[in-house]
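Here's the structure we're looking at; comments come further down.
2 protein chains.
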Amino acid sequence: MATTHERRRRADGERSRQKILRAAANLATVDGLEGLSIGSLADHIGMSKSGLYAHFRSKEQLQLETVETALQILNTLVVEPAEAAADPLERLRTLYDSFLDHIEARVFPGGCFFVSAESELGVREGPVKDRVAELQRAWAARVEEFVREAQAAGELPADEDPAQFAFELDAYGMMGNVGFVLHDDPAYLEHARAAIHRRLRRRRK
Amino acid sequence: MATTHERRRRADGERSRQKILRAAANLATVDGLEGLSIGSLADHIGMSKSGLYAHFRSKEQLQLETVETALQILNTLVVEPAEAAADPLERLRTLYDSFLDHIEARVFPGGCFFVSAESELGVREGPVKDRVAELQRAWAARVEEFVREAQAAGELPADEDPAQFAFELDAYGMMGNVGFVLHDDPAYLEHARAAIHRRLRRRRK
DNA sequence: GAACTATACGAACGGTCGTGCTATCTTGTC
DNA sequence: GACAAGATAGCACGACCGTTCGTATAGTTC
Chain A
1 MATTHERRRR
11 ADGERSRQKI
21 LRAAANLATV
31 DGLEGLSIGS
41 LADHIGMSKS
51 GLYAHFRSKE
61 QLQLETVETA
71 LQILNTLVVE
81 PAEAAADPLE
91 RLRTLYDSFL
101 DHIEARVFPG
111 GCFFVSAESE
121 LGVREGPVKD
131 RVAELQRAWA
141 ARVEEFVREA
151 QAAGELPADE
161 DPAQFAFELD
171 AYGMMGNVGF
181 VLHDDPAYLE
191 HARAAIHRRL
201 RRRRK
Chain B
1 MATTHERRRR
11 ADGERSRQKI
21 LRAAANLATV
31 DGLEGLSIGS
41 LADHIGMSKS
51 GLYAHFRSKE
61 QLQLETVETA
71 LQILNTLVVE
81 PAEAAADPLE
91 RLRTLYDSFL
101 DHIEARVFPG
111 GCFFVSAESE
121 LGVREGPVKD
131 RVAELQRAWA
141 ARVEEFVREA
151 QAAGELPADE
161 DPAQFAFELD
171 AYGMMGNVGF
181 VLHDDPAYLE
191 HARAAIHRRL
201 RRRRK
């Protein structure tokens, strides 16, 4: 049977992998996933280029694993707290509050990893772009589902189109992120919070 | 006196410059302003690398002139039609309609030039980033001014904060752009149009 | 047509890119 | 404590990067 022979990893190797990928996720929000270079990444964490490279089969593989690392961070910091919330509307509030908080806290130096990646890869081709696009769709679908649940619970107006509503919430978050990073000014995040909270007021209709 | 000796240009040189800068603006929305390479740009328009380079003192100079070229295109296609509109509210509608139209028409292959540039340069330093940030501020200030005028004319609710209102309009435009480019799906532009037109309804309060 | 010079080219510079190969450490297993 | 294998470093490769140079061509002015 052609089971792909997975080599087992040593503890120190796993530690290095994590360090590499975490640094890669950070640098990617500054220089882009494509602009990320193996050499500068190696310098940045004090490893040799070849030593670092040995962990991955190619730069594309590094990029793919970097995306997964960033996803994991987003899930831990933003999605999981939201899913722990009691009712549907509170889930939405927590989701975007956590999102904007993790930007303000500069978890990634260049703002939301996925906003950076989406803008950069928008018109490119290949598995990295495909994965990023897939994750964006999944995020939007989750928000839309939350909206639907909040409507079912009578917490949001039933006459709002959930996809449209989700689009607008995401728009506030993205604009807040880009403005904050570009001008280094939290006022943009405040605008985003204000817009989101206004839309997420309980049952106005 | 240390007047910088400005060389006068020949007609064919000016034609080449325009061709270079227009192509550069296009490529920059795909590969980014930094990812733009002199060599591939030269190939793309059938010139030699050195011949192309002779038009600019440095890559940074090329980037700066590329930004100005893109600005001129945006002004012609989006801003000027809006300023020709009769009343303030119509100015806003025309501004964003033209904006979304120029994205859908793929005037730039990677969507709005400035959304790309803002995302890419957000956390960088240097004159190119400074110029892009300045232009973003100017755009937002213009929108805010249009909102104020529409309020003064009684066409928009007077209790809306103009800066907040402008932020939200821009958010819809940006999200529409990124979604459209990433998924190659006009539905995102439709969401943006719907959101903008809903906010730009005449005098609801 | 002559003189001038903007324009364009080919070649080459030092550097960095992603990617291999090989040797030398280091860790975990028996 | 020997041994297999993973982890890391050193070195080299071809390609491309931005940039500079010398030189040939072609538009402009007299």
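If you're matching them up, the sequences are chains A and B in order.
Numbering follows our numbering, in which position 191 of the first sequence is assigned residue number 191; successive positions increment by one, without gaps.
Numbering follows our numbering, in which position 35 of the second sequence is assigned residue number 35; successive positions increment by one, without gaps.
Here a beta-carbon is modelled for each residue, glycine too, at the ideal position from N, C-alpha and C.
Since this is a predicted model, take the numbers as computed values, not measurements.
Item	Value
Whole angstroms is fine: what's the gap from residue 207 of chain A's alpha carbon to residue 170 of chain B's?	Chain A is shown from 1 up to 205; residue 207 of chain A falls before or after that span and cannot be answered.
Which residues mark the beginning and the end of the alpha helix (DSSP H) in which residue 175 of chain B is found?	162-183
For residue 184 of chain B, count neighbouring Cβ atoms within 10 angstroms of its own Cβ and tell me buried if that reaches 16, exposed if not.	exposed
In the DSSP assignment, find the unbroken alpha helix (DSSP H) run with residue 99 of chain A in it and report its ends.	88-104
In chain A, what lies closer than 7 Å to residue 157 of chain B by C-beta?	What residue 157 of chain B touches in chain A: nothing, since even the nearest Cβ is about 13 Å away.
Would you list, in chain order, the members of the segment 158-191 of chain A that have their beta-carbon closer than 7 Å to a beta-carbon of chain B?	164, 167, 168, 170, 171, 172, 174, 175, 178, 181, 182, 183 and 191
Return the first residue and the last residue of the alpha helix (DSSP H) that residue 66 of chain B is part of.	59-74
If the cut-off is 8 Å on Cβ atoms, which residues from the segment 90-121 of chain B count as contacting chain A, listed in chain order?	109, 110, 111, 115, 116, 118, 119, 120 and 121
In whole angstroms, give me the CA-to-CA distance for residue 206 of chain A and residue 192 of chain A.	Outside the displayed range of chain A (1 to 205) lies residue 206 of chain A, so it cannot be described from this structure.
Within its chain, find whatever has a CB closer than 8 Å to the CB of residue 19 of chain B; leave out the 5 residues flanking it on each side and keep chain order.	45
Put residue 159 of chain B into one of helix, strand or coil per three-state DSSP.	coil
Let me confirm a value: residue 9 of chain B is counted as buried when at least 16 other C-beta atoms fall within 10 Å, else exposed. Which label applies?	exposed
With a 10 Å radius around its C-beta and 16 neighbouring C-beta atoms as the bar for buried, classify residue 14 of chain B as buried or exposed.	exposed
Can you list, in chain order, the residues of its chain with a C-beta nearer than 8 Å to that of residue 39 of chain B? Leave out the 5 residues immediately preceding and following it.	49
Between which two residues does the alpha helix (DSSP H) harbouring residue 119 of chain B extend?	113-121
Quick check on residue 32 of chain A: buried or exposed, where buried means 16 or more other Cβ atoms within 10 Å of its Cβ?	buried
For the candidate residues B:81, B:94 and B:134, whose alpha-carbon lies nearest to that of residue 118 of chain B?	B:134
Can we count residue 192 of chain B as close to the ligand SAM, meaning its CB is less than 7 Å from some heavy atom?	Only the bare structure without any ligand can be found here, which leaves the ligand SAM out of the picture.
Are the beta-carbon atoms belonging to residue 123 of chain A and residue 30 of chain B less than 8 Å from one another?	yes
Taking C-beta to C-beta, are residue 270 of chain B and residue 81 of chain B nearer than 8 Å?	Residue 270 of chain B lies beyond the stretch modelled for chain B, which goes from 1 to 205, so this question has no answer here.
Secondary structure at residue 195 of chain A, three-state DSSP: helix, strand or coil?	helix
With a threshold of 16 other CB atoms inside 10 Å of the CB of residue 201 of chain B, please say whether the residue is buried or exposed.	exposed
Sorted by chain position, which residues of the same chain lie with C-beta nearer than 7 Å to residue 17 of chain A's C-beta, five sequence neighbours on each side aside?	55
Give me the chain A residues within the contact set of residue 23 of chain B, using Cβ-Cβ distance strictly less than 7 Å, ordered along the chain.	Per Cβ cutoff of 7 Å: no residues; residue 23 of chain B is ~15 Å from chain A at best.
Going along chain B in order, which residues have a C-beta closer than 9 Å to the C-beta of residue 78 of chain A?	Near residue 78 of chain A there are no residues of chain B at all, since even the closest Cβ is about 18 Å away, more than 9 Å.
Determine, for residue 83 of chain B, whether the minimum Cβ-Cβ distance to residues of chain A falls below 8 Å.	no
Hey, quick one: how far does the alpha helix (DSSP H) through residue 40 of chain A stretch, first residue to last?	38-45
Compare the C-alpha of residue 128 of chain B against each of B:21, B:152 and B:63 and name the closest.	B:63
Taking Cβ to Cβ, would you say residue 178 of chain A is nearer than 8 Å to residue 174 of chain B?	yes
Using a Cβ-Cβ cutoff of 9 Å, what residues of the segment 17-42 of chain A are near chain B? List them in chain order.	29, 30, 31, 32, 34 and 35
Run through DSSP, which three-state label would residue 54 of chain B get?	coil
Going by DSSP, what residue range makes up the alpha helix (DSSP H) through residue 81 of chain A?	80-83
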